[in-house]
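Enquirer: Per my numbering, the sequence shown starts with residue 5, numbered consecutively.
Structure in structure tokens, see below.
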Amino acid sequence: MSPRSPHYIPVGCLAIPRSEVIVEDSLWQADDAIWKPLVRPESSKSDRIPDEAARNGGTRSITQTALLHSAKSVSQLLDARWAQFEYRTFPEFDDTTVVRVYFLADDALRSSISRALEIPNKHRFKILTEVDSSARVWAGLEKPLPNERNPLALNTLEESDAPTSLLELFNNIPSPAPDTAIITDPLLNHATENVIKGKISGLKSELLPYQKQSIALMIQKEACPGSVLDPRLVHLHDRDGHSWYVDPVAKTVLRDARYYDAVSGGILAEEMGTGKTIICLALVLATRAFPAETPEVYWSPALPVRKSVGSLMDMAASCANRYSQSWISYYGHTKKNDFRGTAIANAIQRNPGSYTLPGAKPRKRARGGSNLGLPRTIYLSSTSLVIVPENLLSQWQQEISEHTEDLEVLVLAKHDVIPRTEILLKYDILLFSRSRFDKVVKSEGISKTPLASIHFKRCIVDEGHILGNSKFSNKSLLLQGLDELQFTSRWVVTGTPSRGLYGASGQSSGDTLLQKGTLKSSSMTQMSAAQERKDIDRLGAIAALYLKARPWATSASEASEMGDTVAKWAAHFSSPTSGSGWVRRWKCLKLTINSLILRHQLHEVLDLLPPVDEKIVLLDGSYQDMLSLNIFAMMIIFNSVQSQRTDADYFFHAKQRKSLLQIVHNLKQSSFFGGSFFSVEEIEKAVQTAEEFLEKKEVEINDEDEALLKTAIDFGHLVLKNELRILSNRFHEMPVCVAGIPGGAGRYWSLDGEENGFICTSASMMLTVQRMLYNAASKAVDDPGQLNSLLNGGLIQNGLLERERAETEAESIRRATKTSTTLAGNTKLGNDKPKSLHRYRHGIHGAEPAQVVTDEAFASVLAETKLVSTVSAKLSYLLDSIVKHQADEKIIIFYENENVAWYLANMLDMLEIQHLIYSNTISADRRAEYVRTFHHNKRFRVLLMDISKAAFGLDMHAASRVYFINPVLNPQVQSQAIARVRRISQHRGVSVETLVLKGSIDEVILDRKEHMTQAEHVKAKTILDVSLIKDWIRNAKIMRVGEAGDSHAAQMVPLATPLPIFGKGFGRLAGPDEGLVKDQAVAPKAALPDRAATWAPSGQKRVREGDTEQRLARRVRFTGESDSP
């Protein structure tokens, strides 16, 4: 007979060996031909009410008592009525008793059978892992095999497509496939269909097919998010073929699937450079006619009562707004159909839709009372709150201007004041800088601002992966502020939702693009288990804390009310790291990620991005380059041998990590120019100390170390005799060779006072010559005497004065510079005082703009003055490349060291190559101006960018040629840098060149980078964490430098073509703001609020209109038409 009940799930069979049951053989073998219900005999528990099986004739036998005694888990579940069982003894299975297991589903009979017992839950899960759920065992044709064929194990075997890494899972997210039929609102359905057709009012740019698909799905997810299956559940089939579900972590068993409301929103994670910003703008434009709706929980059947009878127009407007009707659909957005100022528009604006938000109950009554418990009126709006990093604020404004028209945008950054609620309701977008939003949260409190009185259509957080850094117990200011606001939909915009999810397009140096469909793990995509867990935790923080995705955002009280269990993200994904349990967790993570992340698979978008031609440029160093590299090797050898490689003043001692990092920094700079490191005195002292060490022989060293030391000493003497290197350090400048200085004054403008057909000078001295000649030439019409004076001896005198001034300045800098640490062997780390880029703007700086010299006769005299060569192989190569390509392409040069940027910028100034420096030392506003200028001013051909500022999301598609002055060890950093240029808006192929100096640390970095796994890259916090690179530095050797030649020019690298020093516009001093494309203009005062509606920080007066302490918000109305009448 069968104890069948629709509430009990036939799971599988247990095997109980004869040896474990204490009962007589005659009883054991009796009635073995049929399945019998397993019940507890009434005599063993007299107060127990016989269950249904017992009442229907179940045998109260000694055998059953013995079985229950031997199977404790079965006994516990039977007593708790959490399961039913039937048994049969099989002689052919060595008298093994097979027990069929039927679990009571947790979603059945909850009112009559308690589920609050912990012990039965543990026993049930123990049985679940032990049963054999195969069909032949259930039929009695095979003996059960414990643990091998339980439902969870069999389910795991069926999951043949389980991902092997988080990156693979991310890359295989199904591409957006919107279904407009799901959208029941006819107007919104029509708007979505128009998106797919590319018809969006107010959008000036044409969308690509994949962008239309993404936008349409975003609208669908906002309007009809639907429901999602609880991802924690494992879907199984019982022995009758019916579905049932198990949560292996919470150990719950369900007959029916459990569903949750899906998130209205998600994570827009399209590949870097594929136009995520325009997708967001198109989403706003396509849906701005549809205001946010009152949440169902706040619906009220009571109609609002007016103080007096309103007009029919007002009542109609109020009704339309209250029920979030798309009235704009009837009037349109564009100026052609503009109805602003009409009676209808005024009625709609003065009757905004709203609902009442119940006040939170205060935990403790504050002294003087509190308004926390008071209900608030929340106004419905179609406004989107967009929060962006400071460095991307200007880019968003630029994209809005370029791609949209007639879009109402309010920019809130720095100290901008938040307008009144009725003003905010008029905008389509509130564009907030993240720093400004954080400041409001910290100093004012979001709940005290008009923002808290608005129910926004949506919130978009650009580069929102930062939200993943928050914890459940420690939320960021951004999250704290967002939690106090009302949104219908929430979006995160990022190409990399977590740190390890990058590089899938193979943009890293040395890689090739992944072939279509080839997205399996490789050495560059394997992540360590620890890093993968961190990435998963960050995704969990975004899902639960910001997107409020259930079940992960469900609180304990909410779970209790719903009869649910609390879903702890860490419990599901932190362990184990392998086996069937981890496969199930991958499936759970896959379901969660697929429901939240919206992105196209790579093969669908890669062909739309411009091709990238990556090259490694291996350069032979100049004689001076090799001297610079060998000086560091010399110091390392001196230190290693004399410290016995053990003392605390050994470069590689644990206590000297900071010193070693400085050496690495200097070595990387030396591959560009290292002539200013180490003064003559420092080298002399180190060499002398090494010689004394060998002479005294107080410390025993081996033959190899003695040979190393002697070679280093010999090299030290060679360096001390090199005049060009001495000049580099004395003047703290990069020497160059220039030919044809006018007026016979060449030697007086050289660093050494010599002239042999050319002079050895510096860019700084040449800039001074340019300024002198330009100033004199620009006044030549009115005062020709000044120019004649310069050309007839004046340049000589000025040259002597300038050289003296330059040497004095270098000496004063040297004295003011803090000396580097002195370690074993009187060795130094090397010191090149950083050149400040803080005041450096662009072009030649420091004077008022003036007119360009146009006198042809004078220009012909100066045409023979040309730059011939430089001491840096990398600099000569860069100058040749810039001159070759700047007419047709804009160029970005990524640098890691400010000194390198300073030397290069000085040279570009001298050659009148207009450039900008996007550095760490300038303000965010200035950087934004530089980005706009680089895009829109054709004069600026080169941008020098700090590699640390190759920010996520920054669009630099105006450039198509990229140079890395040094190899970048971390492929993620390089991939991000290339992605600034390789974008969907890029119309050229992208050329990327990485400069590598032979024999330098560049080669080691490049070689190691190509063989490191992703796990190793993640582990390497600094370059010293890469053992092979550290060993290369530790085992430094003196390299052969070749012959110095008979002139300074022989020690330099010549340019492919000498470049004129006095070219177009030479010597013209550009003002620091000349040519820059400034920020958007501030709206007229009439368009601004009449008073601020934000609360001032404690102790300060509230700011009102007319106050000068704060700058009002910038109201920007972007339009495709002229505003002129």
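Every residue gets a Cβ at the ideal spot worked out from N, C-alpha and C, and that includes glycine.
Within the chosen definition, does the segment 908-923 reach the segment 940-959 through at least 3 CB pairs nearer than 8 Å?
Expert: Short answer: they touch.
Enquirer: According to DSSP, simplified to helix, strand and coil, what is residue 1114?
Expert: Note that residue 1114 has pLDDT 39, beneath the 50 cutoff, so the model's placement of it is unreliable and the number below is only indicative. Residue 1114: coil per DSSP, three-state reduction.
Enquirer: Considering only C-alpha positions, which residue in the set 201, 213 and 249 is nearest to residue 988?
Expert: That would be 213, whose Cα lies nearest to the Cα of residue 988.
Enquirer: Ignoring anything shorter than 3 residues, give me the beta strand (DSSP E) runs that lie fully in the segment 592-657, in order along the chain.
Expert: Listed in chain order, the complete beta strand (DSSP E) runs (minimum 3 residues) inside the segment 592-657 are 616-623.
Enquirer: Could you please give the first and the last residue of the uninterrupted alpha helix (DSSP H) stretch that includes residue 81?
Expert: Looking at the DSSP string, the run of the alpha helix (DSSP H) that includes residue 81 is 76-84.
Enquirer: Tell me where the beta strand (DSSP E) around residue 3 begins and ends.
Expert: Any answer about residue 3 is impossible in this case: the structure gives the chain only from 5 up to 1129.
Enquirer: Taking one C-beta from the segment 601-609 and one from the segment 978-986 each time, how about it: are there three or more such pairs within less than 8 Å?
Expert: Contact between the segment 601-609 and the segment 978-986 is absent, because fewer than three Cβ pairs lie under 8 Å.
Enquirer: May I have a chain-ordered list of the alpha helix (DSSP H) segments no shorter than 4 residues that lie completely inside the segment 372-402?
Expert: Entirely contained in the segment 372-402, not one alpha helix (DSSP H) run reaches 4 residues.
Enquirer: For residue 1132, which three-state DSSP category applies?
Expert: In the structure displayed, the chain extends from 5 to 1129; residue 1132 sits before or after that span and is not available.
Enquirer: Thinking C-alpha only, which one of 1041, 237, 206 and 358 is nearest residue 708?
Expert: Ranking 1041, 237, 206 and 358 by Cα distance to residue 708 puts 1041 first.
Enquirer: Who are residue 999's beta bridge partners in DSSP?
Expert: DSSP lists 621 as partners of residue 999.
Enquirer: Once DSSP output is grouped into helix, strand and coil, what is the label at residue 939?
Expert: Of the three classes helix, strand and coil, the one that applies to residue 939 here is helix, per DSSP.
Enquirer: If I measure Cβ to Cβ from residue 228 and keep anything under 8 Å in the same chain, skipping five residues before and after, which residues do I get?
Expert: If we look at residue 228 and ignore the five residues flanking it on each side, its Cβ neighbours are 186, 187 and 188.
Enquirer: Do the CB positions of residue 1130 and residue 190 come within less than 7 Å of each other?
Expert: The chain is shown only over 5 to 1129; residue 1130 falls outside these bounds and no answer can be derived.
Enquirer: Using DSSP's beta-bridge definition, name the partner residues of residue 1131.
Expert: There is simply no residue 1131 to check, as the chain begins at 5 and stops at 1129 in what is shown.
Enquirer: Which whole-angstrom value is the C-beta distance of residue 1057 and residue 626, which I expect to be below 8 Å?
Expert: Residue 1057 to residue 626, Cβ: 5 Å. Contact.
Enquirer: CA-CA distance, residue 94 and residue 102?
Expert: When rounded, the distance between both Cα atoms is 7 Å.
Enquirer: If you follow the alpha helix (DSSP H) that residue 484 is in, where does it begin and where does it stop?
Expert: Run containing residue 484: 481-487, per the alpha helix (DSSP H) assignment.
Enquirer: Here's the rule: buried if 16 or more other CB atoms are within 10 angstroms of the residue's CB, otherwise exposed. What is residue 246?
Expert: Exposed, by the Cβ-count rule.
Enquirer: Less than 7 Å separating the beta-carbons of residue 382 and residue 414?
Expert: In this structure, residue 414 does not lie closer than 7 Å to residue 382 by Cβ.
Enquirer: Just curious, the alpha helix (DSSP H) that residue 964 is in, first and last residue?
Expert: Element bounds for residue 964: not the alpha helix (DSSP H) but the beta strand (DSSP E), 963-968.
Enquirer: CB residue 871 to CB residue 742, shorter than 7 Å?
Expert: Yes, these two residues count as a Cβ contact at 7 Å.
Enquirer: Do residue 993 and residue 615 count as a contact pair if the criterion is CB distance below 7 Å?
Expert: Yes; because the gap between Cβ atoms is below 7 Å, this pair is in contact.
Enquirer: Taking DSSP's pairing of strands, which residues face residue 950 in a bridge?
Expert: DSSP output for residue 950 lists 899 as bridge partner(s).
Enquirer: Go to residue 353, then tell me how far its alpha helix (DSSP H) extends in each direction, as first and last residue.
Expert: It spans 347-353 - the alpha helix (DSSP H) in which residue 353 sits, taken as one unbroken run.
Enquirer: According to DSSP, is residue 567 helix, strand or coil?
Expert: Residue 567 falls in the coil class under three-state DSSP.
Enquirer: Per the DSSP calculation, residue 301 is bridged to which residue(s)?
Expert: Paired residue(s): none; residue 301 is not in a bridge.
Enquirer: Compute the Euclidean distance between the alpha carbons of residue 675 and residue 1050, then round it to the nearest angstrom.
Expert: Answer to the nearest angstrom: the Cα atoms are 24 Å apart.
Enquirer: Assuming residue 733 and residue 683 are in contact, meaning their beta carbons sit under 8 Å apart, how far apart are those beta carbons, in whole angstroms?
Expert: Contact holds; Cβ gap of about 6 Å.
Enquirer: Between the beta-carbon of residue 997 and the beta-carbon of residue 621, is there less than 7 Å?
Expert: Closer than 7 Å, so yes.
Enquirer: Taking three-plus beta-carbon pairs below 8 Å as touching, is the segment 716-727 in contact with the segment 738-752?
Expert: No contact exists between the segment 716-727 and the segment 738-752.
Enquirer: I need the boundaries of the beta strand (DSSP E) containing residue 263, first residue and last residue.
Expert: Residue 263 -> beta strand (DSSP E) spans 263-265.
Enquirer: Between residue 13 and residue 107, which are expected to be in contact by the criterion C-beta below 8 Å, what is the C-beta distance as a whole number of angstroms?
Expert: So it is a contact: roughly 5 Å between Cβ atoms.
Enquirer: When the distance is taken between beta carbons, is residue 810 closer than 7 Å to residue 735?
Expert: Yes, they are a contact pair.
Enquirer: Rounded to whole angstroms, what is the Cα-Cα separation between residue 297 and residue 223?
Expert: Roughly 15 Å between the two C-alpha positions.
Enquirer: What does a CB cutoff of less than 6 Å around residue 697 pick up in its chain, not counting 5 residues either side in sequence?
Expert: Correct list, in chain order: 646.
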